[in-house]
Amino acid sequence: MKYYITVNGKEHQVDVVERLGVLRVAVDGKALEIDYQEADNLGQVALLCEGKSFGLSIEGDEHTLSATIAGHLYAVEIEDERERAAHAAERAQAKGGGVVKATMPGIVVRLLVKEGDSVAKDQPLLILEAMKMQNEMTAPADGVVKQVHVREREAVSGGAKLVTLTATS
Amino acid sequence: MFRRILIANRGEIALRVIRTCREMGIESVAVFSDVDRKALHTRMAHSAVALGGALPRESYLDMDKVLAAAQSSGAEAIHPGYGFLSENAEFAERVTNAGLVWIGPPPAAIRGMGDKITSRRNMKRANVPVVPGLTDPVADVDAALAAAETIGYPIMLKAAAGGGGKGMRIVRSKADMASAFRTAAGEALASFRDGSLYMERYLDEPRHIEIQLMFDRHGNGVHFGERECSIQRRHQKLIEEAPSVVVTPELRAKMGAIAIAAGKAVGYENAGTVEFLYSKGEVFFLEMNTRLQVEHPVTEMVYGVDLVREQLRVAAGEKLGYEQKDIQPRGWSIEVRINAEDPFNNFVPSIGTIRNLRAPGGPWVRLDAALYRGMEVSLNYDPMLAKLIVWAPDRAGAIARMRRALQELNVGGVRTSAPAALRVLEDERFQQGNFDTHFLATIDLSKPLEGEDVIVAAAAAIHRHFSSQRKALGTDASSRRAWATRSRGRQSSYPPHRPFADAAAADATTEVRP
Numbered sequence: 002m003k004y005y006i007t008v009n010g011k012e013h014q015v016d017v018v019e020r021l022g023v024l025r026v027a028v029d030g031k032a033l034e035i036d037y038q039e040a041d042n043l044g045q046v047a048l049l050c051e052g053k054s055f056g057l058s059i060e061g062d063e064h065t066l067s068a069t070i071a072g073h074l075y076a077v078e079i080e081d082e083r084e085r086a087a088h089a090a091e092r093a094q095a096k097g098g099g100v101v102k103a104t105m106p107g108i109v110v111r112l113l114v115k116e117g118d119s120v121a122k123d124q125p126l127l128i129l130e131a132m133k134m135q136n137e138m139t140a141p142a143d144g145v146v147k148q149v150h151v152r153e154r155e156a157v158s159g160g161a162k163l164v165t166l167t168a169t170s
Numbered sequence: 122m123f124r125r126i127l128i129a130n131r132g133e134i135a136l137r138v139i140r141t142c143r144e145m146g147i148e149s150v151a152v153f154s155d156v157d158r159k160a161l162h163t164r165m166a167h168s169a170v171a172l173g174g175a176l177p178r179e180s181y182l183d184m185d186k187v188l189a190a191a192q193s194s195g196a197e198a199i200h201p202g203y204g205f206l207s208e209n210a211e212f213a214e215r216v217t218n219a220g221l222v223w224i225g226p227p228p229a230a231i232r233g234m235g236d237k238i239t240s241r242r243n244m245k246r247a248n249v250p251v252v253p254g255l256t257d258p259v260a261d262v263d264a265a266l267a268a269a270e271t272i273g274y275p276i277m278l279k280a281a282a283g284g285g286g287k288g289m290r291i292v293r294s295k296a297d298m299a300s301a302f303r304t305a306a307g308e309a310l311a312s313f314r315d316g317s318l319y320m321e322r323y324l325d326e327p328r329h330i331e332i333q334l335m336f337d338r339h340g341n342g343v344h345f346g347e348r349e350c351s352i353q354r355r356h357q358k359l360i361e362e363a364p365s366v367v368v369t370p371e372l373r374a375k376m377g378a379i380a381i382a383a384g385k386a387v388g389y390e391n392a393g394t395v396e397f398l399y400s401k402g403e404v405f406f407l408e409m410n411t412r413l414q415v416e417h418p419v420t421e422m423v424y425g426v427d428l429v430r431e432q433l434r435v436a437a438g439e440k441l442g443y444e445q446k447d448i449q450p451r452g453w454s455i456e457v458r459i460n461a462e463d464p465f466n467n468f469v470p471s472i473g474t475i476r477n478l479r480a481p482g483g484p485w486v487r488l489d490a491a492l493y494r495g496m497e498v499s500l501n502y503d504p505m506l507a508k509l510i511v512w513a514p515d516r517a518g519a520i521a522r523m524r525r526a527l528q529e530l531n532v533g534g535v536r537t538s539a540p541a542a543l544r545v546l547e548d549e550r551f552q553q554g555n556f557d558t559h560f561l562a563t564i565d566l567s568k569p570l571e572g573e574d575v576i577v578a579a580a581a582a583i584h585r586h587f588s589s590q591r592k593a594l595g596t597d598a599s600s601r602r603a604w605a606t607r608s609r610g611r612q613s614s615y616p617p618h619r620p621f622a623d624a625a626a627a628d629a630t631t632e633v634r635p
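As they're listed, the protein sequences go chains R and B.
Numbering of the first sequence is given in this note's numbering, commencing with residue 2 and proceeding in unit increments.
Numbering of the second sequence is given in this note's numbering, commencing with residue 122 and proceeding in unit increments.
Shown next as structure tokens:
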């Protein structure tokens, strides 16, 4: 199986083949001798690679995860070939406008725009409060507010859709 | 000395106080909200009283409930920790009026320092140097714009009743004033029920340096040197150290004397901290925190003192029993705050359940935490999960030890600030002591780290390989749900099978299950 793995913004292509219970792994075309053992089924992994030992911690799902090695955090996105094609199509479609999502879980304390409003890049769309910190969510580009997905006082989770913008052409 | 005290707090600081109580043979009474029933402070105290509620104002901020808990449990004194009611003069007064001992400064001292505007006035009167700015709050955006012309940009907007970075904004130019004023006032109102803001000049290359004080009730006061807390983001501290690379013994003596004078000006008792801004050799009074600070452990490490023990001693009426000349620093200590926040995403709060936990160990490593596996990290409380503290004979040794300890630490289930701290400690400028309060903003954490990304890519692919395999073979609920999710997109284009999707039918199925 071929996977496209983005580690902190840098893409790698990884081939994983299982044959007779043995994994063969190649990163960017280079075969690596790897022994991967889950230590506790909670995300701690004991990994040996080419004689080096890595006490790794992994958490996340099949598509996004974070890995920690010796205190450093690596944000990882994983796509197989089918997912990669689907994501590319999605991105092409959304070009221009798009959905502004909550960068953190919180409460919408104030809406500053309504549907139909024209907004400029960096204009505040709403104020989101989390742990008593208020943050303005701003427009990523010039556009028109197509839909407001939230109401004032509403609690939203991280990644929730807040406002959909259409690009001004 | 007290026989039993109540700790009006939660998390690591409640545990910190409980630990000293145990060592002194004093019984500790914990209070807990509904969500903290299983929290470590609830479990480790001698006794625990339920406050109910989840939000702070329904639990740890509810003065009636906390006082009732103290009285029903037979506590003689209340330790407020930091945050919550710790700097609330009204609460301190009510504690005293109820015949209990308040382990902290007298209410008048809290009032004299608690409001930043009042404290600036008091300090100006006592000839303590303060940052150029207004001693009165500004009414609105227009007034702020007018005042800014005389003070000069950049300007700092601060909540009059504030703390912890809430209700604070830097305004670099006229154009930014309206938006900054609006969000700062909104935050101040939400956090402190007081939206008033004051303004002051924002200093260049500022370093945050603070002096730890301890006063008894008999007019004796000493300082335990300085802590430097310049590594901050959004005005919240991330790394603290003692001593500071820029503080000479002469400057320490000078700042100590100013701090003691500041404390005496308001009739201070118990532990307190005077915060200074250091800019190019000059120091300015910022504010006094009338409580124990989060970062007090670095002082404890360098001075070999248990500050909570001293707090309890002086609150019980004992004399300090030592003088300034008896207090000498030894070696270097660093603290890193482990917050539940995502350093890759502008430090926004991260919530979840603590999955796995690997605590660092080894020589001169201290972990002050109330973490346990299975703990829910929610938005109800402060995002600080733990404090990691190390000591070494010198600063280079302390940095090396902290890097080693951070490499050992692993908190799974939420993102934490630990990787950001590690990046700071690895930075040459930090190692050379060449930094100010803007330092953290200069580190681009999203920049790909040259490191083990090949190993991570391989591990991630194997992780995906195994989890896909498990899902394909597995019969547990999660795998079924995953399959359903995957096919949902396709199903929506067909007419739904209503009879089988009926809720009553689903219930019937549940009932016949064992």
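All residues carry an ideal CB built from backbone N, CA and C; glycine is no exception.
- Close to chain R, meaning a Cβ-Cβ distance shorter than 9 Å, are the following residues of the stretch 579-590 of chain B: Ala579, Ala580, Ala581, Ala582, Ile583, His584, Arg585, His586, Phe587, Ser588, Ser589, Gln590.
- In this structure, Ala490 (chain B) lies near Leu506 (chain B), with their beta-carbon atoms less than 8 Å apart.
- Between Glu133 (chain B) and Val146 (chain R), the alpha-carbon positions lie close to 45 Å from each other.
- Straight across, the Cα-Cα distance linking Thr474 (chain B) with Arg494 (chain B) is about 8 Å.
- Ranking R:Thr65, R:Gly72, R:Ala86, R:Val100 by CA distance to the CA of Glu78 (chain R) puts R:Thr65 first.
- Take His339 (chain B), set aside five residues on each side of it, and the residues of its chain with a beta-carbon closer than 6 Å to its own are Lys440, in chain order.
- With respect to the 8 Å criterion, Leu129 (chain R) and Val114 (chain R) are not classified as neighbours on the basis of their beta carbons.
- At a cut-off of 8 Å, the C-beta of Arg476 (chain B) has a neighbouring C-beta in chain R.
- According to DSSP, Ala169 (chain B) shares a beta bridge with B:Ala151.
- Pairing Glu326 (chain B) with Phe556 (chain B), the inter-Cα distance amounts to about 8 Å.
- The Cβ atoms of Gly202 (chain B) and Leu413 (chain B) lie closer than 8 Å to each other.
- Per DSSP, Leu372 (chain B) has no beta bridge partner at all.
- In summary, Val435 (chain B) is buried, with 16 or more beta-carbon neighbours lying within 10 Å of its beta-carbon over all protein chains present.
- Your pair Met122 (chain B) and Ala437 (chain B) checks out as a contact, with CB atoms roughly 5 Å apart and the cut at 8 Å.
- The C-alpha of Ile583 (chain B) lies about 29 Å from the C-alpha of Arg524 (chain B).
- Close to Leu24 (chain R), with beta-carbon spacing below 8 Å, are these residues of chain B in chain order: Ile583, His586.
- Taken atom to atom, the span from the alpha-carbon of Lys592 (chain B) to that of Asp81 (chain R) is near 16 Å.
- Within the same chain, and ignoring the five residues on either side of Pro540 (chain B) in sequence, the residues whose Cβ sits closer than 7 Å to its Cβ are Pro464.
- Residue pairing by DSSP places Met277 (chain B) opposite B:Ile291, B:Glu321 in a beta bridge.
- Distance from His356 (chain B) to Gly402 (chain B) at the Cβ level is roughly 23 Å; contact not present, criterion being Cβ atoms closer than 8 Å.
- Cβ-Cβ distances below 8 Å link Pro258 (chain B) to Ile238, Ala281, Ser317, Leu318, Tyr319 in the same chain, with the five nearest sequence neighbours on each side left out; the list follows chain order.
- In this structure His344 (chain B) is not in contact with Ile291 (chain B), their Cβ atoms being roughly 30 Å apart against a cut-off of 8 Å.
- Along the length of the stretch 33-65 of chain R, whole beta strand (DSSP E) runs at least 3 residues long occupy 35-39, 45-50, 53-61, reported in chain order.
- Counting along the chain, the unbroken alpha helix (DSSP H) around Pro540 (chain B) starts and ends at 539-547.
- Against Leu500 (chain B), the close residues of chain R are Pro106, Gly107, Ala131, Met132, in the order they occur along the chain (beta-carbon pairs closer than 8 Å).
- Of the residues R:Gly107, R:Cys50, R:Asn136, the one whose Cα lies closest to the Cα of Leu24 (chain R) is R:Cys50.
- Judged by beta-carbon spacing, Leu127 (chain B) lies beyond the 8 Å limit of Ile231 (chain B), meaning their Cβ atoms are not closer than that value.
- Two segments are said to touch when three or more pairs of C-beta atoms, one from each, lie closer than 8 Å; by this definition the stretch 140-148 of chain B does not touch the stretch 175-190 of chain B.
- The stretch 382-392 of chain B and the stretch 293-310 of chain B do not touch, with fewer than three beta-carbon pairs separated by less than 8 Å.
- Close to Thr304 (chain B), with beta-carbon spacing below 9 Å, are these residues of chain R in chain order: Pro125, Ile128, Gln135, Asn136, Glu137.
- The Cβ-Cβ distance between Ala579 (chain B) and Ile35 (chain R) falls below 8 Å.
- Identification of chain B residues near Gln38 (chain R) by a Cβ-Cβ cut-off of 9 Å yields none; the smallest Cβ-Cβ distance measures about 10 Å.
- In terms of beta-carbon proximity, Leu543 (chain B) lines the interface with chain R, with at least one pair separated by less than 8 Å.
- Put simply, the CB of Glu431 (chain B) is far from chain R, with every gap to its CB atoms at 8 Å or more.
- Under the 8 Å Cβ criterion, the stretch 261-278 of chain B does not count as touching the stretch 220-234 of chain B, having fewer than three qualifying pairs.
- Under the Cβ criterion of 8 Å, Gly72 (chain R) is counted among the residues facing chain B.
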